[in-house]
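Only one structure is covered here, and it is reproduced in the block below.
Residue numbers (my numbering): 174 to 443.
This is the structure we're talking about:
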């Protein structure tokens, strides 16, 4: 007790030290798992590192090789297309589902849980499940047209699976934003004669602008690092013309899968 009385004034006047003590585990973990690997990765990119050791510093040779690889360039293009499509479609689907679940529909809680459920399933499992769907069920409904055999349709197949997986998660964020809108504001809009559509455009959407920003960044980062569904569903397959005039056999291989195949499958770390 007396020790506490003695230390309390000291601790009170050294709040910065207390803050640092509480922040240190988080900062240490962030440094070990993010900052240090990032710095080491940049340093190793200028060497002939094999995953275990390096003998020589090669300068920008690795970057020259990388940007002269048609498969890598195409993976950037296909990733950009995928990111743009998902940023628009996932936010649209998630917002519409949120409007549906907050409209007072009977069984709204059941629908929320049902829409969110696919997000709890791993991407690899989802990829193989939907591979069966596209390779068997969809073929029977579309006169033997295989969605996974052509790059364009295979890309849209990945987009569909990703929306199905991630749309429910984004929906919950929009639901949180919509339920935070004060009821008296909506009531005032109704009394002023605003239609439901006008209320949506002029009241609800402006008041959840920060929610749109959060969801946009979440879909951007998540789509950019897409790997598991891409690997399980198509494994990067699909024929497309490259910028060099020849054809690439990995037309749906996005950036994360390209890095994995180059480093792990081909054992080309440098």
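Beta carbons are placed, not taken as given, at the ideal position from N, Cα and C, and that holds for glycine. Since this is a predicted model, take the numbers as computed values, not measurements.
| According to the neighbour-count rule (16 or more other Cβ atoms, all chains shown, within 10 Å of its Cβ), is residue 199 buried or exposed? | Mapped onto the chain shown, residue 199 falls at position 26. By the 10 Å Cβ count, residue 199 comes out exposed.
| request: Ignore the nearest five residues each way along the sequence and tell me which others in residue 156's own chain have a CB closer than 7 angstroms to its CB. | output: It is not possible to answer for residue 156, since the shown part of the chain is limited to 174 through 443.
| query | By the 10 Å Cβ neighbour count, where 16 or more other Cβ atoms means buried, how is residue 274 classified, buried or exposed? | reply | Within the chain shown, residue 274 is the residue found at index 101, counting from 1. It counts as buried.
| field | For residue 275, the three-state DSSP class (helix, strand or coil) | value | Position 102 of the chain shown, counted from the first residue, corresponds to residue 275. Coil at residue 275, not helix or strand.
| task | Could you round the C-beta distance between residue 392 and residue 331 to whole angstroms and report it? I think they count as a contact, below 8 angstroms. | result | The residue labelled residue 392 in the question sits at position 219 within the chain shown. The residue labelled residue 331 in the question sits at position 158 within the chain shown. A Cβ-Cβ separation of about 14 angstroms leaves residue 392 out of contact with residue 331 under the 8 angstroms criterion.
| task | Examine the ligand FAD and report whether any of its heavy atoms sits within less than 8 angstroms of the Cβ of residue 213. | result | The model on display carries no ligand, and the ligand FAD is accordingly not part of it.
| said: Tell me whether the segment 350-361 and the segment 219-226 touch, counting them as touching only if at least three CB pairs, one residue from each stretch, are closer than 8 angstroms. | reply: By the Cβ rule, the segment 350-361 does not count as touching the segment 219-226, because fewer than three pairs are nearer than 8 angstroms.
| said: Quick check: what's the CA-CA separation for residue 233 versus residue 268? | reply: Residue numbering aside, residue 233 sits at position 60 when the chain shown is read from its first letter. Residue numbering aside, residue 268 sits at position 95 when the chain shown is read from its first letter. Roughly 45 angstroms separates the two Cα atoms.
| message | Counting C-beta neighbours from all protein chains within 10 Å, is the total for residue 264 16 or more, i.e. buried, or is it exposed? | response | By 1-based counting over the chain shown, the position of residue 264 is 91. Buried: at least 16 other Cβ atoms inside 10 Å.
| Distance, residue 246 Cα to residue 369 Cα | As a first step, residue 369 must be located in the chain shown, where it is residue number 196. As a first step, residue 246 must be located in the chain shown, where it is residue number 73. One alpha carbon belongs to residue 369, the other to residue 246, and they sit about 46 angstroms apart.
| request: Please name the residue in 381, 266, 242 and 243 whose C-alpha comes closest to that of residue 343. | output: Looking up residue 343 in the chain shown gives position 170. Its Cα nearest to that of residue 343, the residue 266 stands out among 381, 266, 242 and 243.
| task | Taking residue 395 as part of the alpha helix (DSSP H), name the residues at either end of that continuous run. | result | Locating residue 395 in the chain shown gives position 222, where the first residue counts as 1. Start and end: 382-397.
| query | Leaving out five residues before and five after residue 295 in sequence, what residues of the same chain have Cβ atoms less than 8 angstroms from its Cβ? | reply | If you number the chain shown from 1, residue 295 lands on position 122. Counting only Cβ-Cβ distances below 8 angstroms, and skipping sequence neighbours, we find 401.
| query | When the Cα of residue 216 is compared with those of 297, 201 and 235, which residue comes out closest? | reply | For the purposes of this step, residue 216 is identified with residue 43 of the chain shown, where counting begins at 1. Taking only the C-alpha atoms, the option nearest residue 216 is 235.
| Are the Cβ atoms of residue 395 and residue 339 separated by less than 9 angstroms? | Taking the first residue of the chain shown as position 1, residue 395 is located at position 222. Taking the first residue of the chain shown as position 1, residue 339 is located at position 166. Cβ atoms of residue 395 and residue 339: closer than 9 angstroms.
| message | Can you check which of these residues, 432, 439, 390 and 279, is closest to residue 256 by C-alpha distance? | response | For the purposes of this step, residue 256 is taken as the residue at position 83 of the chain shown. Selected option, being the one with the closest Cα: 390.
| said: Using 9 angstroms as the threshold, is the C-beta distance between residue 381 and residue 351 below it? | reply: Within the chain shown, the letter at position 208 stands for residue 381. Within the chain shown, the letter at position 178 stands for residue 351. Contact: yes.
| In the DSSP assignment, what residue or residues form a beta bridge with residue 230? | Along the chain shown, read from residue 1 onward, the residue named residue 230 stands at position 57. Beta-bridge partners assigned by DSSP to residue 230: 220.
| request: Find out if the Cβ-Cβ distance for the pair residue 397, residue 252 is shorter than 9 angstroms. | output: As a position in the chain shown, residue 397 is number 224, starting the count at 1. As a position in the chain shown, residue 252 is number 79, starting the count at 1. Yes; because the gap between Cβ atoms is below 9 angstroms, this pair is in contact.
| said: Tell me which residue opens and which closes the alpha helix (DSSP H) that residue 189 is part of. | reply: Residue 189 sits at position 16 when you count from the first residue of the chain shown. 188-203 is the span of the alpha helix (DSSP H), which, as asked, contains residue 189.
| message | Rounding to the nearest angstrom, what Cα-Cα distance links residue 348 and residue 270 in this structure? | response | Here residue 348 refers to the residue found at position 175 when the chain shown is read from its first residue. Here residue 270 refers to the residue found at position 97 when the chain shown is read from its first residue. Between the alpha carbons of residue 348 and residue 270 lies a distance of about 9 angstroms.
| message | On the DSSP letters alone, give me the boundaries of the alpha helix (DSSP H) that residue 320 sits inside. | response | Taking the chain shown and counting its residues from 1, one reaches residue 320 at position 147. For residue 320, no alpha helix (DSSP H) run applies, since DSSP gives it neither H nor E.
| said: So, for residue 362: in the same chain, excluding its five sequence neighbours on each side, which residues have a beta-carbon less than 7 angstroms away from its beta-carbon? | reply: The residue you call residue 362 lines up with position 189 of the chain shown. Excluding the 5 residues flanking it on each side, residue 362 has same chain C-beta neighbours closer than 7 angstroms at 372 and 376, in chain order.
| Sequence-distant residues of the same chain with beta carbon closer than 7 angstroms to residue 427, five excluded per side | Here residue 427 refers to the residue found at position 254 when the chain shown is read from its first residue. Cβ neighbours of residue 427 beyond the five flanking positions: 248, 251, 252, 255, 399 and 403.
| Straight-line gap, residue 290 to residue 379 (C-alpha atoms, nearest Å) | Residue mapping note: residue 290 aligns to position 117 of the chain shown, counting from 1. Residue mapping note: residue 379 aligns to position 206 of the chain shown, counting from 1. Taking the straight line joining both Cα atoms gives about 29 angstroms.
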